[in-house]
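Here's the structure we're looking at; comments come further down.
Protein chains: 2
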Amino acid sequence: MSKSNNVYKDAFNRCLRLLDETKSLPSEPELGTLLGVSRTTVRSILSRMEETGLIAWNKRNKTVLRAPEPEDFFPEEETDSLAEIIERSFMRRLLTEGAEAGMQINELELAREIGVGTTSVREFLIRFSRFGLIEKRRNSHWVLKGFTRAFALELTEIREMFELRSAAAFAALPRESAVWADLERLEEEHRQLASEIATRFNEFSELDERFHRLIHRASHNRFIVDFYDVIAMIFHYHYQWNKAQERERNEVAVQEHLAYIAALKSRDPGKVDAACRRHLKSARQTLLSSIPEGRQAQPA
Amino acid sequence: MSKSNNVYKDAFNRCLRLLDETKSLPSEPELGTLLGVSRTTVRSILSRMEETGLIAWNKRNKTVLRAPEPEDFFPEEETDSLAEIIERSFMRRLLTEGAEAGMQINELELAREIGVGTTSVREFLIRFSRFGLIEKRRNSHWVLKGFTRAFALELTEIREMFELRSAAAFAALPRESAVWADLERLEEEHRQLASEIATRFNEFSELDERFHRLIHRASHNRFIVDFYDVIAMIFHYHYQWNKAQERERNEVAVQEHLAYIAALKSRDPGKVDAACRRHLKSARQTLLSSIPEGRQAQPA
DNA sequence: ATAATGTCTTTTATCGTGAAAAAACATTTT
DNA sequence: AAAATGTTTTTTCACGATAAAAGACATTAT
Numbered sequence: 000m001s002k003s004n005n006v007y008k009d010a011f012n013r014c015l016r017l018l019d020e021t022k023s024l025p026s027e028p029e030l031g032t033l034l035g036v037s038r039t040t041v042r043s044i045l046s047r048m049e050e051t052g053l054i055a056w057n058k059r060n061k062t063v064l065r066a067p068e069p070e071d072f073f074p075e076e077e078t079d080s081l082a083e084i085i086e087r088s089f090m091r092r093l094l095t096e097g098a099e100a101g102m103q104i105n106e107l108e109l110a111r112e113i114g115v116g117t118t119s120v121r122e123f124l125i126r127f128s129r130f131g132l133i134e135k136r137r138n139s140h141w142v143l144k145g146f147t148r149a150f151a152l153e154l155t156e157i158r159e160m161f162e163l164r165s166a167a168a169f170a171a172l173p174r175e176s177a178v179w180a181d182l183e184r185l186e187e188e189h190r191q192l193a194s195e196i197a198t199r200f201n202e203f204s205e206l207d208e209r210f211h212r213l214i215h216r217a218s219h220n221r222f223i224v225d226f227y228d229v230i231a232m233i234f235h236y237h238y239q240w241n242k243a244q245e246r247e248r249n250e251v252a253v254q255e256h257l258a259y260i261a262a263l264k265s266r267d268p269g270k271v272d273a274a275c276r277r278h279l280k281s282a283r284q285t286l287l288s289s290i291p292e293g294r295q296a297q298p299a
Numbered sequence: 000m001s002k003s004n005n006v007y008k009d010a011f012n013r014c015l016r017l018l019d020e021t022k023s024l025p026s027e028p029e030l031g032t033l034l035g036v037s038r039t040t041v042r043s044i045l046s047r048m049e050e051t052g053l054i055a056w057n058k059r060n061k062t063v064l065r066a067p068e069p070e071d072f073f074p075e076e077e078t079d080s081l082a083e084i085i086e087r088s089f090m091r092r093l094l095t096e097g098a099e100a101g102m103q104i105n106e107l108e109l110a111r112e113i114g115v116g117t118t119s120v121r122e123f124l125i126r127f128s129r130f131g132l133i134e135k136r137r138n139s140h141w142v143l144k145g146f147t148r149a150f151a152l153e154l155t156e157i158r159e160m161f162e163l164r165s166a167a168a169f170a171a172l173p174r175e176s177a178v179w180a181d182l183e184r185l186e187e188e189h190r191q192l193a194s195e196i197a198t199r200f201n202e203f204s205e206l207d208e209r210f211h212r213l214i215h216r217a218s219h220n221r222f223i224v225d226f227y228d229v230i231a232m233i234f235h236y237h238y239q240w241n242k243a244q245e246r247e248r249n250e251v252a253v254q255e256h257l258a259y260i261a262a263l264k265s266r267d268p269g270k271v272d273a274a275c276r277r278h279l280k281s282a283r284q285t286l287l288s289s290i291p292e293g294r295q296a297q298p299a
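Read top to bottom, the protein sequences are chains A and B. According to numbering that gives the first Met the number 0, the stretch in the first sequence is residues 0 to 299, in order. According to numbering that gives the first Met the number 0, the stretch in the second sequence is residues 0 to 299, in order.
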């Protein structure tokens, strides 16, 4: 079936939401940048909007005729890219089924199970390999290394090394730097969330990621910045399958972040180091405590 | 043309070299492990050796009939895997031609130029992306970040962080650990090389890699171990295109290694740290001095 | 009974192909 | 003239197909 048009469908849905706000749409190039797609895709979107009576389209005139109904939207599941579908499917296998370390991964089988071509699965596995959870045997299959205690420890070791360095670099940034305003804004968001933690605790992980990425960016080192992808991926999936004490965990973490932010604002290296260590230590504890003790690597 | 049989050809050549040493070949499974290929490939090799009169093959009997001639070997260039071919080709473009940062990379063009399918090029680029030299724009082309001074600095920053930690871990290893024997052997190889440096200086880089990998392995951290792939790749290609003062550079490095090894053997953390820093500092200098000043990243 | 050989099946590596999406070019509108 | 729209070309993404290589199963030899 060659290629799905999920880019178009996703952009279409996002464009529908724009309709509520204005009486007429901007120019094609402008819409393109707004939606992050090419003009070709924008024009497909406009065509369909015209066909379904959402807008009247005549050259530069794109007048909104009616508000979008639920039926106008493409189903959510049709807007995901193949890579996302494969990733989710693979992670579910990894985290829910008894995926033992040492197990082999079969490209063909995975592809059939998910209902996609082998090329996409191969490319996914290559991309995924940098997370350190799988390894390729030359001319042969992939081997699962497993989401083990060892993995978590190795991951957090690097994370701590990188974040301590980034935090120190952050604190040393000149007062004029734009990051201080970003930090200020994040602090405010943390305060907001802290005050409504009882109902909004599940919004924490998104804020968490933005906060840590801001800090890591201060390192000005692509390897440090990129490594946060590994952490983000692990946390994203891991907590989807592990909701125990989510509220308490996040409540503690928000407070740690606030202390960490205060330390950064003080620009005192000693305070920054201490606050950073405190938060990373509890993050490590949280991750480790959620790994079932039984799931251990097989001896080679 | 689907798939080349370079695995077979390469294994065949390596098997030819075995012929010199014995009067008859071992069993098929044994040969398989020896050459690192499956029995299927072993049997193809044996078939051809029989056809070309190199051996007499009857079930378990594989008697060597004659010594291999130069004509028996497959040409070197037919034994490379596609991935190697693409990598070399890509790196040559990157390092010799004026590859400016910000330049876009075209999969189709690359594929046509090298004479391979797009799939292989795509997979190569995905694998290569972890080296931090290229970046993908979603739904679009790859962008070259360039082998710039900034890249070298970011790379060495991580390298130093990781190696200092690994070296400390190494020194703390118990006396019984097998690594001490490995280190002993490497030390001897270093001494050998040092004494014949005038003629064998170009053998250093291979020894260098083995030495540093041994140290990194002591970290017991897959992310640290894997990161050495980035360093090894950079050094491998970079020095191929930059032979200035190779002899002097390597002569200095060998001596630094010997001092580093002595420090490790002393197991004194202070000495290890000092020796490691000294070597890494000069390695960084070497790398930086070989980057043409003109090649700078474009402002985003 | 174990380990090899012989045979058959499955999986991986790679290509060419075609639709989706981007990008380039040409034309019109303001 | 600049910026939009209209049109065409190119590139990316994903598939099925096929040969190479691996792996599994059956048979034979020590």
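C-beta atoms are modelled at their ideal positions from N, C-alpha and C, and glycine is treated no differently.
In this structure, Val142/B is the residue among Val142/B, His215/B and Ser3/B with its C-alpha nearest to the C-alpha of Ser128/B.
DSSP places Ile113/B in the helix class (H, G or I) of the three-state scheme. Residues of the stretch 123-138 of chain A with a Cβ closer than 7 angstroms to any Cβ of chain B, in chain order: Ile125, Arg126, Arg129, Gly131 and Asn138.
Taking 8 angstroms as the CB threshold, Asn5/A stays off the interface with chain B.
In this structure, Thr62/B and Lys22/B form a Cβ contact; the two beta carbons are roughly 7 angstroms apart against a cut-off of 8 angstroms. The Cβ atoms of Leu132/A and Phe123/A do not sit closer than 8 angstroms to each other. Taking a beta-carbon distance threshold of 8 angstroms, Glu156/B counts as an interface residue toward chain A. When the Cα atoms are used, Glu162/A and Gln284/A turn out to be separated by approximately 16 angstroms. At a Cβ-Cβ threshold of 8 angstroms, Leu81/A and Ser43/A do not count as neighbours. For Ile54/B, the uninterrupted beta strand (DSSP E) run begins and ends at Ile54 to Asn57, by DSSP.
Those residues of the stretch 214-233 of chain A placed with their C-beta closer than 9 angstroms to a C-beta in chain B are Ser218, His219, Asn220, Arg221, Phe222, Ile223, Asp225, Phe226 and Val229, ordered along the chain. By alpha-carbon distance to His278/A, the top candidate from Ser265/A, Leu257/A and Pro291/A is Leu257/A. The DSSP-derived three-state label of Thr155/A is helix.
By the C-beta density criterion, Lys144/B is buried, having at least 16 other C-beta atoms within 10 angstroms. Under the DSSP assignment, Leu143/B falls in the beta strand (DSSP E) whose first and last residues are Trp141 to Leu143. Under DSSP, Thr62/B shares a beta bridge with Ser23/B and Ala55/B.
According to the DSSP assignment, Lys8/A belongs to the alpha helix (DSSP H) that extends over Asn5 to Leu18. By the CB criterion at 8 angstroms, Leu53/A and Asp79/A fall outside the cutoff. For the pair Ala110/B and Gly101/B, the CB atoms are not nearer than the 8 angstroms cut-off. Contact check for Leu154/A and Val229/A: beta-carbon distance about 7 angstroms, within the 8 angstroms limit, so the pair qualifies.
The continuous stretches of alpha helix (DSSP H) do not include Lys135/B, which lies in the beta strand (DSSP E) extending over residues Ile133 to Lys135.
Residue nearest to Ala231/B within the set Leu182/B, Ser3/B and Arg158/B is Arg158/B (criterion: CA-CA distance). The C-beta distance from Ala180/B to Arg266/B rounds to 15 angstroms, too long to fall under 8 angstroms, and the pair is not in contact.
Distance from the CA of Val251/B to the CA of Ser204/B, rounded to the nearest whole angstrom, comes to 13 angstroms.
Within the stretch 238-268 of chain A, complete beta strand (DSSP E) segments of at least 3 residues are not found at all. Within chain A, the residues placing a beta-carbon under 7 angstroms from that of Glu153/B are Asn220, Arg221 and Phe222, ordered along the chain. Listed along chain B, no residue sits closer than 9 angstroms to Met90/A by beta-carbon distance, the nearest being about 18 angstroms off. When DSSP states are grouped into helix, strand and coil, Ile104/A belongs to the strand group. Of the candidates Ser176/B, Leu206/B, Ala177/B and Glu175/B, the residue whose Cα lies closest to the Cα of Arg190/B is Leu206/B. Closer than 8 angstroms to the CB of Arg121/A there is at least one CB belonging to chain B.
In this structure, Leu192/A places its C-beta atom within 8 angstroms of the C-beta atom of Arg199/A. In this structure, Ile113/B lies near Ser88/B, with their beta-carbon atoms less than 8 angstroms apart. Asp272/B sits in a helix when the DSSP states are folded into three classes. Given a length threshold of 4 residues, each whole run of the alpha helix (DSSP H) inside the stretch 150-228 of chain B is given here in chain order: 178-194, 196-199 and 203-216. With a contact defined as Cβ atoms closer than 8 angstroms, Arg209/B and Tyr227/B miss out at about 11 angstroms.
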